[in-house]
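The sequence shown stops at residue 161 when you use this note's numbering, and every number in between is there. Where a beta carbon is used, it is the ideal one built from N, C-alpha and C, also for glycine. On a predicted model such as this, the values are computed, not experimentally measured, just so you know. Here the structure is laid out as structure tokens; the discussion comes afterwards.
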Amino acid sequence: MAHPVLIEWRGHEYNPTPKGADWYWALGIVAAASTIAALLFQNYLLALLILVASTTLALSAAKQPSLHTFQLNSHGLVIGSDLYPYEKMHSFSVLEDVEGRLPILLSIKNDSWISPHLMIPLNDVDVDAVYLHFLERVHETNHRHSLPHVVSAFLGF
Numbered sequence: 005m006a007h008p009v010l011i012e013w014r015g016h017e018y019n020p021t022p023k024g025a026d027w028y029w030a031l032g033i034v035a036a037a038s039t040i041a042a043l044l045f046q047n048y049l050l051a052l053l054i055l056v057a058s059t060t061l062a063l064s065a066a067k068q069p070s071l072h073t074f075q076l077n078s079h080g081l082v083i084g085s086d087l088y089p090y091e092k093m094h095s096f097s098v099l100e101d102v103e104g105r106l107p108i109l110l111s112i113k114n115d116s117w118i119s120p121h122l123m124i125p126l127n128d129v130d131v132d133a134v135y136l137h138f139l140e141r142v143h144e145t146n147h148r149h150s151l152p153h154v155v156s157a158f159l160g161f
């Protein structure tokens with residue numbers, strides 16, 4: 005039985021940042037120099053790891069982020085077709101960057117072993133309404149932007 009949707013919005017997996025040819029050239033130069041240094045030190049495994057990592061990074065940078073639909077209903081948060089019930093959520097926080105470089109995010113820590121920390125973009129939605137909705141159902145704590153999230157935002161992911 006479907007539950008009535010209280011709040012619904014759509015958001016990208018991350019804010020897409022266009023990367024020009026200079027970004028790819030810089031990645032290639034750093035990867036080539038690092039690979040050569042690893043080969044000079046006869047660290048072949050590290051050289052292979054650098055090549056695989058830089059190729060993966062370039063391919064990831066070239067793809068467009070997925071667009072997800074987020075829904076809040078009386079039982080939990082629905083992302084696409086996956087339900088995250090309020091009972092399994094430990095805490096939440098709304099993360100706002102005072103400098104405005106990072107988007108406003110809803111941070112949720114839950115029991116899921118696959119995704120124990122959800123970072124939901126709050127673009128094109130009433131942030132106060134989402135905050136009040138969660139405040140009635142889940143414990144609020146102070147979450148912070150994680151180092152991988154800050155680094156990925158700096159790199160444009």
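Collapsed DSSP secondary structure at residue i in the structure displayed
i	result
Tyr88	strand
His94	strand
Thr183	The chain is shown from 5 up to 161; residue 183 falls before or after that span and cannot be answered.
Pro125	strand
Ser111	strand
His149	coil
Val142	coil
Leu106	coil
His16	strand
Ile54	helix
Cβ neighbours of residue i in the same chain (closer than 8 Å, five flanking residues each side left out)
i	result
His79	His7, Leu87, Pro89, Tyr90
Arg2	The question about residue 2 has no answer, for the chain in this structure spans 5 to 161.
His72	Arg14, Gly15, His16, Glu17, Ile83, Gly84
Residue interval of the beta strand (DSSP E) (run including residue i)
i	result
Val129	First-last for Val129: undefined, no H or E at that position.
Gln75	71-77
Val82	80-83
Beta-carbon contacts of residue i that lie in its chain and below 6 Å, excluding the five residues immediately before and after
i	result
Val9	Gln75, Asn77
Trp13	Phe74, Asp128, Val129
Pro20	Pro69
His143	Ser95
Ala65	Lys23
First through last residue of the alpha helix (DSSP H) which encompasses residue i
i	result
Gly32	25-44
Close beta carbons around residue i, own chain, < 7 Å, minus the five adjacent residues each side
i	result
Ser97	Ser111, Glu144, Thr145, Asn146, His147
Pro125	Gly15, His16, Pro107, Leu109
Phe138	Phe96
Problem set entry | Cβ pair count under 8 Å reaching 3, the region 101-110 against the region 47-59 | Fewer than three pairs of CB atoms, one per stretch, sit closer than 8 Å, so the region 101-110 makes no contact with the region 47-59.
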